[in-house]
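Report on one structure; see the data block that follows.
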Amino acid sequence: MRLLRAFTERRRSPLPPAVTEMLLLADQQVAITYKRHTAARRFTLRMARDGSGFTMTLPRRASMMDARAFALKSEAWMLKALAKRVRPVEIADGAVIMLRGVEHRILATGKVRGLVVHDADARTLHVPGATSHLKRRLVDWLKAEAAHDLDVASTKYALAMGARFRKLNVRDQKSRWGSCSSDGVLNYSWRLILAPSSVLDYVAAHEVAHLREMNHSMRFWRLVLKHCPDSRNAKTWLKLHGNRLHALG
Ligand SMILES: [Zn+2]
Numbered sequence: 099m100r101l102l103r104a105f106t107e108r109r110r111s112p113l114p115p116a117v118t119e120m121l122l123l124a125d126q127q128v129a130i131t132y133k134r135h136t137a138a139r140r141f142t143l144r145m146a147r148d149g150s151g152f153t154m155t156l157p158r159r160a161s162m163m164d165a166r167a168f169a170l171k172s173e174a175w176m177l178k179a180l181a182k183r184v185r186p187v188e189i190a191d192g193a194v195i196m197l198r199g200v201e202h203r204i205l206a207t208g209k210v211r212g213l214v215v216h217d218a219d220a221r222t223l224h225v226p227g228a229t230s231h232l233k234r235r236l237v238d239w240l241k242a243e244a245a246h247d248l249d250v251a252s253t254k255y256a257l258a259m260g261a262r263f264r265k266l267n268v269r270d271q272k273s274r275w276g277s278c279s280s281d282g283v284l285n286y287s288w289r290l291i292l293a294p295s296s297v298l299d300y301v302a303a304h305e306v307a308h309l310r311e312m313n314h315s316m317r318f319w320r321l322v323l324k325h326c327p328d329s330r331n332a333k334t335w336l337k338l339h340g341n342r343l344h345a346l347g
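Residue numbers for the sequence shown follow the numbering used here, beginning at 99 and rising by one.
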């Protein structure tokens, strides 16, 4: 009976509100939010989804002193997470995006008509039309650039490897940078146009090599490396920075 009452009282008393504090981590001011949770058995720390700070979940009755001590103990982990974080980049006037691995500034021209103009020297992308359509226009342009570069690279490797592809699609696929079907269709992510050209080039070599070897055998890798010696660096780049390509939207 006593137990039951304790249980119902606990259910009734509201959880204290979340508390947000600023934490100084190696000269960076970082927000940390302490949130109590009825089901929490221990302290858990995670980065906020937008990368703006951290959230710590506390057991209902844990002391704030212990929570802060846990935060201090986790300093190295938090610094590592901050260094790895990817900030989302919104396509908009004035924003900076990567194009073939080089930072470019987006500039809305305000002109009613015209095409997207790429000024490679000034590292700018001039986008005409209404601001509300800027994102769609620029993404369409980036997809067309990706299709062009991927077609050039795929054709080059098809000739070199004695392979033939039937069709090439550029899509916004999240899970893979490229794929190849047994009937000769190559699919690529348009976001490869944001990466350094050597990375796009490697993905094309990889997919075209699958037209010859539908596996990841030694023979497959020998074929890729023979024609694209830079493959290892490109693979490492994708592993380290690939998620940055998905941060643009
Ligand atoms: Zn593969």
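Where a beta carbon is used, it is the ideal one built from N, C-alpha and C, also for glycine. Computed from a predicted structure; not experimentally measured.
Among residues of its own chain, excluding the 5 on either side of residue i, which ones have a beta-carbon nearer than 6 Å to its beta-carbon?
| i | result |
| --- | --- |
| M99 | Because M99 carries a pLDDT of 46, less than 50, the predicted location of this residue cannot be relied on, and no value is offered for it. |
| L292 | M196, L343 |
Decide if residue i is buried, meaning its Cβ has at least 16 other Cβ atoms within 10 Å, or exposed.
| i | result |
| --- | --- |
| V210 | exposed |
| T118 | exposed |
| M259 | buried |
| R368 | This structure does not reach residue 368, given that the chain is present from 99 up to 347, and the question cannot be answered. |
| V194 | exposed |
| P114 | exposed |
| G227 | buried |
| V250 | exposed |
| M176 | buried |
| R289 | buried |
| M163 | exposed |
| L284 | buried |
| S230 | exposed |
| T155 | buried |
| S329 | buried |
| S161 | exposed |
| L202 | Note on residue identity: the sequence assigns His, not Leu, to residue 202. Looking at its Cβ environment, which holds 16 or more other Cβ atoms inside 10 Å, H202 is buried. |
| S273 | exposed |
| S252 | buried |
Can you give me the Cβ contacts of residue i inside the same chain, cut-off strictly under 8 Å, excluding the 5 residues immediately before and after it?
| i | result |
| --- | --- |
| R139 | P157 |
| R183 | M145, G149 |
| G347 | P186, V187, E188, I189 |
Taking a contact to mean a Cβ-Cβ separation below 9 Å, would you say residue i touches residue j in this structure?
| i | j | result |
| --- | --- | --- |
| L121 | F152 | yes |
| L240 | L197 | yes |
| Y300 | A332 | yes |
| G276 | E305 | yes |
| V215 | A244 | no |
| C326 | A303 | yes |
To which residues does DSSP link residue i through a beta bridge?
| i | result |
| --- | --- |
| A129 | M120, G151 |
| M145 | F152 |
| K324 | Per DSSP, none; premise fails for K324. |
| P157 | H135 |
| Y286 | V268, G276 |
Looking only at C-alpha atoms, which of the options sits nearest to residue i?
| i | options | result |
| --- | --- | --- |
| D217 | C326, L284, A307, V200 | V200 |
| L338 | N313, C326, V297, A256 | V297 |
| L236 | Y255, H246, L213 | L213 |
| A167 | D191, Y132, L232, Q271 | Y132 |
| A171 | A181, L143, L180, G192 | Note that residue 171 is Lys in the sequence shown here, rather than Ala. Looking at the Cα atoms, L143 is the closest of the given residues. |
Leaving out five residues before and five after residue i in sequence, what residues of the same chain have Cβ atoms less than 7 Å from its Cβ?
| i | result |
| --- | --- |
| L321 | M259, A307, R310, E311 |
| A116 | T131, Y132, K133 |
Check whether the Cβ of residue i sits closer than 8 Å to any heavy atom of ligand 3, and report yes or no.
| i | result |
| --- | --- |
| H325 | Because ligand 3 does not appear in the structure shown, any question about it cannot be addressed here, the ligands present being ligand 1. |
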